[in-house]
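Novice: Numbering follows my numbering, with no gaps: position 71 of the sequence shown is 80.
Ideal Cβ placement from N, Cα and C applies to all residues, glycine included.
Please read all numbers here as calculations on a predicted model, not as lab measurements.
Starting off with a structure, shown below.
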Amino acid sequence: MSVSDATAAGRLEARFDAAFVARLALREKQIQQNYRPIISIHKWFARRPGSVFRSLLISEFGEGELSEEYTRPQDVPGVIADPFMGGGTTVFEAARMGLSVVGSDVNPMAYWTVRQAVAPIDLERFSVEAKRVVSDIHDQVSELYETQCAGCAGVAEVKYFHHVKTCGCPQCGREVELFPGLRLAEAVRHTHEVYHCPNCNVLREIENSGESRTCPECDYDLKTRPATRGTATCGNCDHRFKFSVQLESPPRHRLFGIEYHCAACYPTTKGRQFKTPDSADHDRLERASSLLREMRETLLIPEGEIPDGDETGRLHRWGYSRWRELFNDRQLLGLGLLMNRIEKVESDESRYALATVFSDFLRYQNLLCRYDTYALKCQDIFSVHGFPVGLIACENNILGIPGVGSGAFVHFVEKYKKAKQYAQHPHETVYNGKKKSVIPMEGESIEAPLVDREPQGRPQAAWLASNPSQDLALRAESLDGVFTDPPYFANVQYAELMDFCYVWLRKFMRGRSQFEPSSTCTDHDLTGNVTKKRGLQEFASGLSSVFQRMSFALKPAAPLVFTYHHNDSEAYAPLVVAILDAGLTCTSVLPAPGEMSASLHIAGTKSSILDSVFVCRKADHQTHAGEPFADVARLVEEDVVSMQRAGYQPTGGDRDCLTAGHIAGSVVRDLVHEWNADQIMEDRFELAKDRLVKARTVVESA
C-alpha cells in the first residue's frame with residue numbers, strides 16, 4: 010500500500026493496538042537506554058518511548074497486524090515532520106523506517122542532539138581520535154587525579170573527591186562546614202558505613218550494627234546533623250545561624266574525603282576504597298588552581314552570566330552569577346584543556362562527536378553533582394530535572410578509569426559509540442514470556458544524509474532546523490504525516506537547564522548560526538514560565554501557529570499525531586484552539602505509556618504515566634461523527650482495560666488524564682463546524698475553555 014493510500018484509509022485509528030504498544034513501552038521506559046541506545050547521544054528530558062512512535066508509524070503506513078509488523082524491517086517512502094523534535098524520538102523512528110524527515114526545535118541543543126544522532130560518522134576514525142585526545146590530556150592532568158593508597162602506599166587513581174560547602178560564622182568569623190549529615194557511604198555496597206568525624210577531621214569506617222554511631226577515637230556522635238533546614242551551628246562558639254539566605258557570592262568548599270581505585274590492592278580488597286585527604290591531596294588542588302591562573306587566557310572557558318529564570322533563580326539565591334562558578338579550579342583546568350584539544354581534531358564529524366561527548370559529560374563534572382551514598386556513585390546534575398544545590402559536592406575524575414566508575418570522559422566516549430552503533434544497526438528487544446530476544450532490523454538505519462531544505466520521499470534525507478517551526482519553508486500538501494510530542498505547558502524548563510551544556514558547546518561551534526544566541530531560552534519557547542510571563546493563552550497562540558503551518562503542509566488525508574498529558578483540564582484548551590485553528594478535527598484519542606512510574610518527578614505523586622495520543626486530520630476530509638460527551642466514560646474504561654491487558658493497573662491520576670484527553674477530543678469534534686479562527690485569541694481560548702468545562706460536567710454527571 011502506498012503512503013497516500015494508507016493515510017486516506019485512516020489506518021492508524023483502526024490498527025493501533027493499545028495493549029500491545031503498552032507492553033512494549035512499559036518495558037522500554039524501565040531501562041530506556043538499553044532498548045533505544047540512541048538516546049545516549051546526549052541528555053534530553055522526558056523522551057517518549059521509541060516503541061510508541063514506531064507503533065504509530067507502522068499503524069499508519071505498514072502492512073498487516075501491528076504485532077506482526079513491529080519486528081519486521083520497514084522501508085516506507087514519504088516525508089514525516091516533527092515540529093517539536095526535542096530529543097528526536099519521531100525523527101529516529103521515522104528515519105529507521107526509510108522515511109525522509111523534517112525535524113525542528115527552537116532549542117539549539119535539541120537540534121544538535123538530533124543532528125549528531127542522524128549524521129553519518131566513521132566510528133573507527135572517531136575511536137582513534139578519542140584515544141588520542143584522552144592520551145594527550147592524561148599526560149597533562151593525570152597527576153592531579155592521583156592519591157596515595159592507604160593500603161600499599163602506592164600511587165592510586167581517584168574516582169571521586171568529596172567537598173563540603175562552608176561559610177563564615179557571623180559571630181566569631183570561623184569557617185563552618187555545612188554537613189547535612191556525616192555519613193558518606195552506607196554498608197550495602199561497602200563493608201562498613203563510612204562517616205566523616207568533624208572533631209577528628211577524618212573518615213571513619215563503622216560496623217553496621219546497632220543504633221549507636223560514635224567516633225571510635227573521640228566519641229563524637231556521628232548521627233549529628235550540623236546543618237539542617239538552612240541553619241548551621243558553629244563548632245567554635247556554638248552560635249546557631251541561618252545560612253540559606255540570598256548570598257552575594259558562591260559558597261566555598263573544603264575537600265574532606267576521597268574514594269579511589271588502587272590497581273594493586275583493589276583485587277583483594279572487600280568493598281570500596283575510601284581515605285581522608287592528606288596534605289599531598291590538598292596540594293594537588295592548590296596546584297590545579299595555580300595552573301588555571303597561569304593558563305586561563307588560553308582556555309576556552311565560558312564567562313557568560315547565568316540568566317534569570319524559573320530554574321536558574323535557585324542558583325542566583327546561592328550566589329552563583331556565572332556558569333563557570335559551578336565548577337572548581339581543577340574542573341575548569343581539565344575541561345579547558347580538554348576543550349582546547351578537541352578543537353584540534355581535524356575530521357569535522359569526529360570533532361563534532363567529541364564536542365557532543367564533552368557537552369554531555371559536563372553533567373557529571375560540576376559542583377552541583379552529589380554522591381549517592383547507597384549506590385556509591387556520582388549523581389547527574391539533572392537527576393531531579395532542576396538545579397539542586399547540595400551541601401556536599403562530588404567531584405568526578407575528569408578522564409575517568411576505564412572499566413571503573415561512571416560519568417567521566419572515557420565512559421561517555423564508549424556510551425556515544427554504542428549509541429551510534431545502534432543508529433547504524435538498530436534492533437528491537439521483545440519478550441516471549443520471560444524470554445528476551447534481540448532482533449536486528451536488517452536494512453534499517455537512523456543515519457541519513459543531511460540537507461538544508463524540505464526533502465522528497467526518495468532519496469531519503471533529513472532536514473533538521475533550529476528554528477520556530479511556524480517559520481519552516483514547507484511546500485503545500487507535501488507531508489505524509491506529522492508526529493510529535495509538544496511541550497506540556499507547565500513542564501520542566503528545558504531551555505534553562507540545557508544552557509548549562511550550551512554555553513560550553515557554543516565555544517566549539519563559533520560561526521554556526523544555530524549557536525549565535527547566548528542562551529537557548531527564546532520568546533518562542535512554549536512552556537509556561539513565570540519569569541517570562543508566559544501563560545496558557547501565549548501557549549495556545551504559539552501552538553496554534555505551529556499546527557497551522559503543519560496543516561498547510563499536510564497532504565489532504567495525512568494525520569497530525571501528538572502525545573499529551575496534563576492533570577489540569579484547563580491546560581487542554583490550547584490543544585482545542587490549535588487543532589481547530591489548523592482546520593483539523595480529532596479522529597481518535599489513544600492511550601500509551603509515556604513516563605516511568607519510578608521516575609523521580611512522578612514517584613509518589615498523583616501524576617499520570619499515560620499519554621493521550623491525539624490523531625487529527627483535516628476536517629473537510631472527515632465524515633466521522635464524534636462521540637457525545639456522555640460516551641467519554643466508556644472510552645476511558647476501554648483504555649483502562651487495554652492497559653490492564655498489558656499488565657498495568659492505571660492509577661486515579663492516569664484515569665484523570667485519560668478522561669481529560671477524551672474530553673478534549675470530543676470538544677474538538679463538537680466545535681469543528683462552528684469554529685471561527687478569525688476571532689481574537691482571548692475569545693477563542695475562552696470558548697474552548699468553557700466547552701471543556703461543560704463537557705466535564707456532562708461526563709461527571711453521566
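Pick helix, strand or coil for Val398, following the three-state DSSP scheme.
Specialist: Val398: coil per DSSP, three-state reduction.
Novice: Considering only their Cβ atoms, is the gap separating Phe252 from Cys176 smaller than 8 Å?
Specialist: Cβ atoms of Cys176 and Phe252: closer than 8 Å.
Novice: Quick one: using the 10 Å Cβ neighbour count with 16 as the cut-off for buried, is Asn245 buried or exposed?
Specialist: So Asn245 ends up on the exposed side.
Novice: May I ask you to report which of helix, strand or coil DSSP gives Trp121?
Specialist: Helix, per DSSP.
Novice: Within this structure, are the beta carbons of Lys627 and Gly592 separated by less than 8 Å?
Specialist: Taking 8 Å as the Cβ cut-off, Lys627 and Gly592 qualify as a contacting pair.
Novice: Taking DSSP's pairing of strands, which residues face Thr242 in a bridge?
Specialist: Partner(s): Arg249.
Novice: If Ala457 sits next to Ala562, beta carbons under 8 Å apart, how far is it from one beta carbon to the other, in whole angstroms?
Specialist: At roughly 19 Å, the Cβ-Cβ gap does not stay under 8 Å, so Ala457 and Ala562 are not in contact.
Novice: Which word fits Gly95, buried or exposed, when buried means at least 16 other C-beta atoms lie within 10 angstroms of its C-beta?
Specialist: So Gly95 ends up on the buried side.
Novice: Assign Glu451 to buried or exposed, taking buried as 16 or more other Cβ atoms, counted over all protein chains shown, within 10 Å of its Cβ.
Specialist: Exposed: under 16 other Cβ atoms inside 10 Å.
Novice: What does DSSP give as the partner residue(s) for Thr156 in the beta ladder?
Specialist: DSSP output for Thr156 lists Ala165 as bridge partner(s).
Novice: Would you call His291 buried or exposed, if buried means 16 or more other Cβ atoms sit within 10 Å of its Cβ?
Specialist: Classification for His291: exposed.
Novice: With a threshold of 16 other CB atoms inside 10 Å of the CB of Glu184, please say whether the residue is buried or exposed.
Specialist: That one is exposed.
Novice: Measure the C-alpha to C-alpha separation of Val203 and Lys52 and round it to an integer number of angstroms.
Specialist: Whole-angstrom Cα-Cα distance: 32 Å.
Novice: Go ahead and pull the three-state DSSP assignment for Val586.
Specialist: The answer is helix: DSSP assigns Val586 an H, G or I state.
Novice: Let me make sure I understand the geometry here. Which of Phe418, Phe93, Ile267 has the alpha-carbon closest to that of Phe367?
Specialist: Answer by Cα proximity: Phe418.
Novice: Apart from the five residues just before and just after Met106, which ones in its own chain have a Cβ nearer than 8 Å to its Cβ?
Specialist: Within the same chain, Met106 has close Cβ partners Arg63, Leu66, Ile67, Phe70, Gln83, Asp84, Val85, Glu453.
Novice: Secondary structure at Trp327, three-state DSSP: helix, strand or coil?
Specialist: It is coil, neither helix nor strand.
Novice: Beta-carbon within less than 8 Å of His262's beta-carbon, same chain only, minus the 5 sequence neighbours each way: which residues are those?
Specialist: Only His172, Val173, Lys174, Thr175, Asn337, Leu376, Ala402 meet the Cβ criterion.
Novice: So, do the region 280-289 and the region 298-310 have three or more beta carbon pairs nearer to each other than 8 Å?
Specialist: With the cut-off at 8 Å, the region 280-289 and the region 298-310 do not touch.
Novice: What residues match up with Ala236 in a beta bridge as DSSP calls it?
Specialist: Looking at the DSSP assignment, Ala236 forms a beta bridge with Ala241.
Novice: Between the region 26-41 and the region 417-433, do three or more beta carbon pairs fall short of 8 Å?
Specialist: No, they do not touch.
Novice: Please report the straight-line C-alpha distance between Gln557 and Asp590, rounded to a whole angstrom.
Specialist: Computed Cα separation, rounded: 7 Å.
Novice: With a Cβ-Cβ cutoff of 8 Å, do Val100 and Val61 count as a contact?
Specialist: No. Outside cutoff.
Novice: Hey, out of Leu75, Glu102, Tyr44, Ile48, whose CA is closest to Ala28's CA?
Specialist: Measuring from the Cα of Ala28, the nearest candidate turns out to be Leu75.
Novice: Mind checking who Phe283 pairs with in its DSSP beta bridge?
Specialist: Its beta-bridge partners are Glu268.
Novice: Could you spell out the range, first to last residue, of the alpha helix (DSSP H) harbouring Asn217?
Specialist: Unbroken run through Asn217: none, as it is neither H nor E.
Novice: If you reduce the DSSP assignment to three classes, tell me which class His682 lands in.
Specialist: Reduced to three states, the DSSP call for His682 is coil.
Novice: Taking 8 Å as the threshold (beta carbon to beta carbon), is Ser528 in contact with chain B?
Specialist: You won't find chain B in this structure, because it holds only one protein chain.
Novice: Which value, in whole angstroms, describes the spacing of the CA atoms of Pro306 and Cys178?
Specialist: It is worth fixing the name first, because residue 306 is Glu in this sequence and not Pro. Cα to Cα, the separation comes out at about 35 Å.
Novice: Roughly how many whole angstroms lie between the Cα atoms of Val142 and Arg350?
Specialist: Looking at the two C-alpha atoms, the distance is approximately 6 Å.
Novice: Identify every residue that forms a DSSP beta bridge with Gly112.
Specialist: For Gly112, which the question treats as bridged, DSSP gives the partners Asp91, Leu473.
Novice: Just reading off the beta strand (DSSP E) that Arg333 is part of, what are its end residues?
Specialist: Premise fails: Arg333 is in no beta strand (DSSP E) and is neither H nor E.
Novice: Mapping DSSP to helix, strand and coil, what is Arg626?
Specialist: Three-state DSSP puts Arg626 in a strand.
Novice: Which residue from Asp480, Glu22, Pro235 puts its Cα closest to that of Phe250?
Specialist: Here the closest residue by C-alpha is Pro235.
Novice: Is Asn685 buried or exposed, if buried means 16 or more other CB atoms sit within 10 Å of its CB?
Specialist: It counts as exposed.
Novice: Starting from Ile146, follow the alpha helix (DSSP H) in both directions and report where the run begins and ends.
Specialist: 132-150 is the span of the alpha helix (DSSP H), which, as asked, contains Ile146.
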